[in-house]
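For reference, the structure is listed below as structure tokens.
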Amino acid sequence: MYITSTGNTSIEGNYSVCQFSHPYPLSNRFRGNVKFLMSSFKCSSAGLFPSGVTGLGFGMEGEGEVLYWTVPWDRRLLAQRGKRPAGPLFKFTCLKGSICQLQLPHCELHSKGGCDFLSVAHVMDDSLEFIRDVQITDKHVILNINGFSAYGVVKEDDSPTVPIRSLVLLFYKLPVVPKKRSILNVLLLPRNVMIREVGKEIKDVKQYFGWNMNIFGNINSRIMFYTFVDFESYENYIPTFQLFLQTVVKQVDLLLKEHDGAESVWDRLVWLPAPSANPPTLSGEDFITKHRVKLEERMGELQPILLKLQDCKVLNDVEREKIDNISSRIQRNKALLDMIMRKGPRAQEQFYQTLKKEDPYLVEYLEEETS
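Numbered per the working numbering, the sequence shown finishes at 1699, counting up by one with no gaps.
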């Protein structure tokens, strides 16, 4: 295939000679004390290679290997220069070879004029520059480069509000306790968001669905009670809104309208997955980790629990006596949980099952609260 690059030259891409990896934890060599997921790209010849994982495209002069990951924007620094983020900020390291072209995904619509206000921010350790000499296609901002650091698409801060290509992501959470409420989380996100980052941040969700759509409003517009994700960090993928379903349902007719308007921008009949015949339950480790603070506060009479744990050899006489000698109820609970967590999954599971028998209402309350 042939794709025209900036400068009216052509680069031929051969998909059979390149390899993109799925994101994996970034080594300490590159991340410092911050947690990021890193992707890698390898090619054995020159060409233009698009990534289905991130939407990026790499123009390579020959054989090469590139590592890349997303990092948070410095929004204050951008605002001082009259800019705001219009996509993720990607940081690159070229381990081998030379790259001549970079394609960054954007979510603007040419027909609505949003592309007229785009540029690329080149973020270095001690400086920031904006690159206007770029080519903008329907999906990418393309620029020629001769070195690596961090690049991201930005937009003029005072640019008008126009429609963008967007995603509706539905994350459905089945109830932990059968026949209790289920939750449908609805996220409205720009189309060039990193889907895998969203999935990583939405915890304990079994399935999600995605659709493309055009939404009127920029990434700072208000929809219902929340705002669009603003790319400030990759830990803020909160639902735009949530539907709390008091019973498990098979389908939902979901309609999204403009704020204070009657026009529908998205309408789908959503089929929701049915709960399994044997719904999964939390493991002891998951239960303690998830409800640790409330267990410390709410566990009451420990003697029946301690006796059972001692009978099962989870606690020995010395440990039992140590807990009994603590006067504060909360401190006793904390000491018990500390011991259980140190002893591993089998001890944690035994504690969980014991608590379900000795204090079933507390366990049901905690599980229902997060279902």
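Backbone N, C-alpha and C define an ideal beta-carbon position, used for all residues, glycine too.
If you're wondering where the values come from, they're calculated on a predicted model, not measured in any experiment.
- Non-local beta-carbon contacts of G1383 in its own chain, meaning distances under 7 Å to residues more than five positions away in sequence, involve P1433, N1520 in chain order.
- In the DSSP assignment, Q1463 is bridged to I1470.
- Nearest C-alpha to D1485 among A1407, V1514, E1677: A1407.
- If you draw a straight line from the Cα of I1511 to the Cα of G1612, it comes to about 23 Å.
- DSSP, reduced to helix, strand and coil, places V1481 within a strand of the structure shown.
- Looking at the backbone, the Cα of D1652 and that of T1398 are separated by about 50 Å.
- I1668 is bridged by DSSP to nothing; it lacks a bridge partner.
- Secondary structure at G1385: strand, using DSSP grouped into helix, strand and coil.
- For D1581, the enclosing beta strand (DSSP E) covers residues 1579-1585.
- The beta carbons of Q1431 and L1376 sit closer together than 9 Å.
- Residue environment: W1401 is assigned as buried (16 or more neighbouring CB atoms within 10 Å of its CB, all protein chains considered).
- Secondary structure at S1439: helix, using DSSP grouped into helix, strand and coil.
- With contacts defined by Cβ atoms closer than 9 Å, I1616 and L1623 form a contacting pair.
- In the assembly as shown, H1438 is an exposed residue. Its beta-carbon has fewer than 16 other beta-carbons within 10 Å.
- In this structure, V1482 lies near K1411, with their beta-carbon atoms less than 9 Å apart.
- Taking 9 Å as the cut-off, the Cβ atoms of R1660 and I1654 count as close.
- Nearest Cα to P1491 within the set H1450, E1457, K1440: K1440.
- S1592 counts as exposed, since fewer than 16 other beta carbons sit within 10 angstroms of its beta carbon.
- For I1427, DSSP records a beta bridge to M1388.
- Distance from the Cα of L1664 is smallest, within the candidate group L1635, V1691, S1372, for L1635.
- Here F1476 carries a coil assignment [DSSP, helix/strand/coil].
- Rounded to whole angstroms, D1581 and S1494 show a C-alpha spacing of 20 Å.
- Secondary structure at A1414: strand, using DSSP grouped into helix, strand and coil.
- Closest option to F1369, judged by alpha-carbon separation, among G1415, L1423, A1414: L1423.
- In the DSSP assignment, F1679 falls within the unbroken alpha helix (DSSP H) covering 1673-1686.
- For Q1570, the uninterrupted beta strand (DSSP E) run begins and ends at 1569-1573, by DSSP.
- Secondary-structure assignment with DSSP links W1594 through a beta bridge to L1584.
- For L1643, there is no enclosing beta strand (DSSP E), as DSSP marks it with neither H nor E.
- Sorting K1467, P1673, Q1579 by C-alpha distance to the C-alpha of C1443 places K1467 at the top.
- Each of M1627, E1677, G1628 was checked against the Cα of V1642, and the nearest Cα belongs to E1677.
- Counting only residues of its own chain and dropping the five nearest sequence neighbours on each side, S1426 has a CB closer than 6 Å to the CB of E1389.
- Burial is judged here by how many other beta carbons sit within 10 angstroms of a residue's own beta carbon; G1387 has at least 16 and is buried.
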